[in-house]
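Here is the structure we will look at.
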Amino acid sequence: MMNEPLRQQARALENQFFSQVDQKLLADLRKQLETVTKREVLARVANIKDQDVLDQLLEFGIDAETFTALMFVPLAAVAWADGNVDAQERDAILAVARQANMQPGGLGYELLSSWLTAPPAESLFDAWKSYVSSLKKEMNPEWFDKLKAEVLNDAEEIAVASGGVLGIGRISAAEKKKLAELASAFED
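Residue numbering for the sequence shown is 289 to 476, as defined by the working numbering.
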């Protein structure tokens, strides 16, 4: 038989072991809950019901705030269509961001700011077009049409922002082409 001090040490060892196991299980549970919470918030913001799509977006680091920035991909694409972003285009995009309640220091705002410093990869625009195509299948048609109108209106405002001379050439040929590509993405 074990003496009492040895029994207490054995019990302490068991408690320590199970405490560590419990801590790991607790940490795993917290991570699962965090993922579920992020998925639910993203689902509401993005209006996506497909859990696999939501998980994939989260896996790529796209949470609700980043999704909001993702909606700005077309604006950045239009601004960069002619090869550079001028001050008026930058100001117009940041004004739209503020209207969408994006704040400096937030991940979405910072991501958008980086897109105004250097053009986002064309693959990002391609991913955006694919996303819009998928979204059209999932989203209520009325809401999709509102989204389309808002995105295309904002994109045209960006194209017009740098102006041209005396109202002539307000939208460059490259910007017109990019606007047509945006509109086409909503139709596919």
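Ideal Cβ positions, reconstructed from N, Cα and C, are used throughout, including at glycine. Keep in mind the model is a prediction, meaning the values are calculated, not measured.
Length of the line joining the Cα atoms of residue i and residue j
i	j	result
Pro-392	Gln-296	57 Å
Met-427	Glu-328	16 Å
Val-341	Phe-474	19 Å
Pro-408	Ala-415	11 Å
Leu-395	Ser-411	20 Å
Lys-464	Ser-450	13 Å
Leu-435	Leu-423	10 Å
Lys-425	Ile-336	10 Å
Ile-350	Leu-470	21 Å
Glu-390	Ser-421	Before going on, a small fix: residue 390 reads as Met here, not Glu. Rounded to the nearest angstrom, the two C-alpha atoms are 25 Å apart.
Ala-385	Tyr-397	7 Å
Leu-345	Val-439	21 Å
Ser-494	Gln-387	One cannot answer for residue 494 here, as it falls past the ends of the chain, which runs 289 to 476.
Val-373	Thr-405	8 Å
Per-residue DSSP class, three states only, for residue i
i	result
Ser-460	coil
Gln-339	helix
Ile-350	coil
Ser-450	coil
Val-366	helix
Phe-360	coil
Val-373	coil
Ser-396	A small correction: the amino acid at residue 396 is Gly; Ser does not occupy that position in the sequence shown. Here Gly-396 sits in helix by DSSP.
Pro-407	coil
Gln-344	helix
Ala-492	Because the chain spans 289 through 476 in this model, residue 492 falls outside it and cannot be assessed.
Gln-387	helix
Asp-414	helix
Asp-433	helix
Asp-379	helix
Exposure label - residue i; buried when at least 16 CB within 10 Å
i	result
Ala-375	exposed
Trp-431	exposed
Ala-380	buried
Glu-347	exposed
Asp-338	exposed
Pro-498	Outside the displayed range of the chain (289 to 476) lies residue 498, so it cannot be described from this structure.
Glu-292	exposed
C-beta neighbour in chain D for residue i, strict 8 Å
i	result
Ala-364	Included in the structure is just one protein chain, with no chain D present.
Inset, instruction - Specify whether the region 358–370 and the region 436–451 touch according to this definition: at least 3 beta carbon pairs, one from each stretch, less than 8 Å apart. - result: Contact holds: three or more Cβ-Cβ distances are below 8 Å.
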